[in-house]
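If you want my numbering, it's the 1-based position in the sequence shown plus 134.
In what follows, a single structure is set out as structure tokens and then discussed.
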Amino acid sequence: MYRNVFLSVVSLFAASSLSISALRAAPDTVDAVFANSAGQVFEAAEYGGIASVLVQPDGKILFGSNEMPAVLDRGTPGETSLALPLIRFNPDGTVDNTFYADNHATGSDAGIYYDSNGWPEVHALGLLSDGKIVAAGVMQGVRTGTYSSPGTYLESNSIVRFNADGTIDTSFQTAGTIGWPTGGLNYIEAVTIQPDDKTIAVGGFAGFQDASTSPYIARYGIARLNVDGSVDTGFEIDPSEFGVPSGVYAVRGFFGAAALDASGKIYVTGYFEWGYSYPAPRIHVVARLFPDGHRDPSFNPTLPVNLEEARGVVVEPDGKLVVLGQYESPASSSWMVRLNPDGSVDPSFTLDPALGVVSARPLQRDPAGKYLLVTSASGTRDRMQRILSDGSLDPSFDASSLWTDHPSGTAESGYFSNATTAPNGKIYAGSAFDSVNGTPTVKLVAFEGDSMPAALTWTATAPSVVENAGSITLSVRRTGPLSGAVSVDYSTSFGSAGASDLTATSGTLHWADGLGGVQSLVIPISQDALSEGDENFSVNLSSAVGDPIAGPSSVSVTIIDDEALPVITADPVSLAVKEGASATFSVGVSSPVPVSYQWQKDGVDIPGATSSSYSIAAT
Numbered sequence: 135m136y137r138n139v140f141l142s143v144v145s146l147f148a149a150s151s152l153s154i155s156a157l158r159a160a161p162d163t164v165d166a167v168f169a170n171s172a173g174q175v176f177e178a179a180e181y182g183g184i185a186s187v188l189v190q191p192d193g194k195i196l197f198g199s200n201e202m203p204a205v206l207d208r209g210t211p212g213e214t215s216l217a218l219p220l221i222r223f224n225p226d227g228t229v230d231n232t233f234y235a236d237n238h239a240t241g242s243d244a245g246i247y248y249d250s251n252g253w254p255e256v257h258a259l260g261l262l263s264d265g266k267i268v269a270a271g272v273m274q275g276v277r278t279g280t281y282s283s284p285g286t287y288l289e290s291n292s293i294v295r296f297n298a299d300g301t302i303d304t305s306f307q308t309a310g311t312i313g314w315p316t317g318g319l320n321y322i323e324a325v326t327i328q329p330d331d332k333t334i335a336v337g338g339f340a341g342f343q344d345a346s347t348s349p350y351i352a353r354y355g356i357a358r359l360n361v362d363g364s365v366d367t368g369f370e371i372d373p374s375e376f377g378v379p380s381g382v383y384a385v386r387g388f389f390g391a392a393a394l395d396a397s398g399k400i401y402v403t404g405y406f407e408w409g410y411s412y413p414a415p416r417i418h419v420v421a422r423l424f425p426d427g428h429r430d431p432s433f434n435p436t437l438p439v440n441l442e443e444a445r446g447v448v449v450e451p452d453g454k455l456v457v458l459g460q461y462e463s464p465a466s467s468s469w470m471v472r473l474n475p476d477g478s479v480d481p482s483f484t485l486d487p488a489l490g491v492v493s494a495r496p497l498q499r500d501p502a503g504k505y506l507l508v509t510s511a512s513g514t515r516d517r518m519q520r521i522l523s524d525g526s527l528d529p530s531f532d533a534s535s536l537w538t539d540h541p542s543g544t545a546e547s548g549y550f551s552n553a554t555t556a557p558n559g560k561i562y563a564g565s566a567f568d569s570v571n572g573t574p575t576v577k578l579v580a581f582e583g584d585s586m587p588a589a590l591t592w593t594a595t596a597p598s599v600v601e602n603a604g605s606i607t608l609s610v611r612r613t614g615p616l617s618g619a620v621s622v623d624y625s626t627s628f629g630s631a632g633a634s635d636l637t638a639t640s641g642t643l644h645w646a647d648g649l650g651g652v653q654s655l656v657i658p659i660s661q662d663a664l665s666e667g668d669e670n671f672s673v674n675l676s677s678a679v680g681d682p683i684a685g686p687s688s689v690s691v692t693i694i695d696d697e698a699l700p701v702i703t704a705d706p707v708s709l710a711v712k713e714g715a716s717a718t719f720s721v722g723v724s725s726p727v728p729v730s731y732q733w734q735k736d737g738v739d740i741p742g743a744t745s746s747s748y749s750i751a752a753t
């Protein structure tokens, strides 16, 4: 059972002052300064759009694109026509000329490149704790020279890494993704950086290669890379655990999002398909994985029968998650729900039906618990709106885009693709347009956003960790104006969990002047052989300097006992099928650690039947 221990904070310091707040523009007001600088870099009369955006802790903004032409003045030799799969701006919208990931407009020169038919696309961006930048999508690598004289050169399908100044990180050695034997483009759609700086990559790919001469390692659309870029062989998914029948050919996995919870488990959305028929058989996936990649059967959501695809997932501070997908029919609405940690639906969230079809790339929760969504009554995705934590429409944010100088010569609606909210509340978005809310700005835009109060908050308010995990990483986020240096002390307090269960830990987290984002702390967890049930301890924040602690200053961490035997939550159901038809049996299990399965017939093990489901093929 869970035993909660509530402990008081020893000391807490937060400076308070009386101030008169200045009038602030509406959240959907376009930042004119940013529009007049960053918003004039790209060429409106060219195809292409923003595909990813990331705000660094220092306020600089990275935008990834699908090879958009631009004219930049780098100082020497002056203004040059370039294609920019990746560019970094200063907070005021000026180009950060210390960062170079340019490319010639043909796609055959320095920078992120794709020498086959097409162009490089940066779908995803990630930031390591040391400031290194992961860029992923559709690409063949990165180089400082040309095709014939590549200079510093990293040949890597779908993923590369840069140092903080934009130089190529040659310590990141991977040959990248491998495509499916059935053909098609291999790509990475999203990356998630773990607290240990390992990279989870999801998309459409058959596997990874550590080097171009190495055999490929099968990974079915989701892989984890070590810090040096090599494939983490301690992480692997098994399609049979998701219901893919045994013995089928050409199994393929396509994943769109991955999100970590405080315990290190991974939520993923996507689907599996197999065979050579069209349309191929498909199994949708909204799942939780153990840190080694095995499916956690304790999380078992019921998906809509008419689901076309599950696309986005966000873990909220209380451990619940929000999932976004698209219905196959009717195509006039989207599936967006809040789920409890066991997969059941949380009724506290209902998406406003007036929004119709919505999308988000990626789905993100802002510090106030709101979600930005791309909407459109006409299907052009020309509008961006925001919902509150309960799914209702936020009337304070409504942005529309136009593409007047369209390459076709005829003005059209613009379209949004992605957006993110910075720690100071400012909103950055982009894709293909040349004005937003009537303000000229090409391909990208900054909105004033909400005024975020200076605050330090836990990113997880109900964390848990399995006893055998070895440690738990907790994070504190700084939001607000980011003025001045900030620090806060942390310490653990024993509860029902004591010195034999964890190592007492204390220290101080620091943020420099102008830096936001998260700082993390690691608490060692001890494994034992006792069946003692779940236990708890607390981690306390105190003595904050510079910014106040907002929300709970103390969180209770649950250590989940891993000695208990798995519990069958759903027995296999007897089936009656026509002669020669296929049949699939499944079992539901609850367990804090990966479990093994063995199906039997008449008391005899069935060879190869070692997953949570067992299928008998049609004859």
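All C-beta atoms in this analysis are idealised placements derived from N, C-alpha and C, irrespective of residue type, glycine included.
Please read these numbers as outputs of a predicted model, since none were measured by experiment.
For residue j and residue i, the rounded distance between their alpha carbons
i    : j    : result
P415 : D532 : 39 Å
G564 : Y321 : 21 Å
L536 : G459 : 26 Å
A500 : I750 : It should be pointed out that residue 500 corresponds to Asp in this sequence rather than to Ala. Going from the Cα of D500 to the Cα of I750 covers about 46 Å.
G381 : L262 : 40 Å
I371 : F433 : 16 Å
Y755 : I417 : No answer is possible for residue 755: the residues shown for the chain start at 135 and end at 753.
S510 : L489 : 8 Å
E443 : Y405 : 7 Å
D739 : G271 : 44 Å
I757 : Y350 : This structure does not reach residue 757, given that the chain is present from 135 up to 753, and the question cannot be answered.
A545 : D539 : 6 Å
F389 : Q307 : 23 Å
V579 : D165 : 8 Å
G285 : I302 : 11 Å
Y354 : G337 : 9 Å
Local conformation of residue i per DSSP, three classes
i    : result
N674 : strand
A384 : coil
L489 : helix
E375 : helix
E669 : strand
E601 : helix
Q343 : strand
Q174 : helix
Q734 : strand
G271 : strand
Unbroken alpha helix (DSSP H) run spanning residue i, endpoints
i    : result
N170 : A166 to S171
Residue of the options minimising C-alpha distance to residue i
i    : options                   : result
L507 : G513, R499, M518 and P501 : M518
W645 : A421, P557 and P686       : P557
I356 : G310, Y234, D249 and G714 : G310
V689 : Y350, N224, S493 and A396 : A396
V456 : M470, V164, S466 and V491 : M470
A391 : R358, V448 and Y354       : V448
S692 : F628, V576 and E442       : Ser is not the amino acid found at residue 692; the sequence shown has Thr there. That would be F628, whose Cα lies nearest to the Cα of T692.
L497 : H428, V187, F369 and D739 : V187
V268 : K332, G285, A603 and L643 : K332
T744 : G377, G300, G271 and S467 : G377
G548 : I184, G604 and P329       : I184
Q190 : V701, G650, A352 and A715 : G650
N552 : S493, D539, S534 and T595 : S493
W408 : F389, A384 and K399       : A384
E375 : G737, Q732 and D736       : Q732
S466 : D476, L441, E450 and S482 : L441
Enclosing beta strand (DSSP E) for residue i [first to last residue]
i    : result
L643 : S640 to W645
M518 : R517 to I521
T607 : S605 to T613
H257 : E255 to L261
Y549 : Y549 to T555
W469 : S468 to L473
L536 : L527 to W537
G318 : Careful: G318 lies outside any beta strand (DSSP E) and carries neither H nor E.
L590 : A589 to W592
D623 : V620 to F628
I312 : G310 to I312
Y405 : I400 to E407
beta-carbon residue i near the ligand SAM non-hydrogen atom, thresh 7 Å
i    : result
P529 : The ligand SAM is not among the ligands present in this structure, which contains no ligands whatsoever.
Report yes or no: do the segment 519-537 and the segment 610-620 share at least 3 C-beta pairs separated by less than 8 Å? no
Can you find at least 3 beta carbon pairs, one from the segment 653-660 and one from the segment 628-644, that sit closer than 8 Å? yes
Contact the segment 343-351 vs the segment 675-693: 3+ CB pairs below 8 Å: no
Touch test, the segment 246-258 against the segment 195-204, Cβ-Cβ under 8 Å, three pairs minimum: yes
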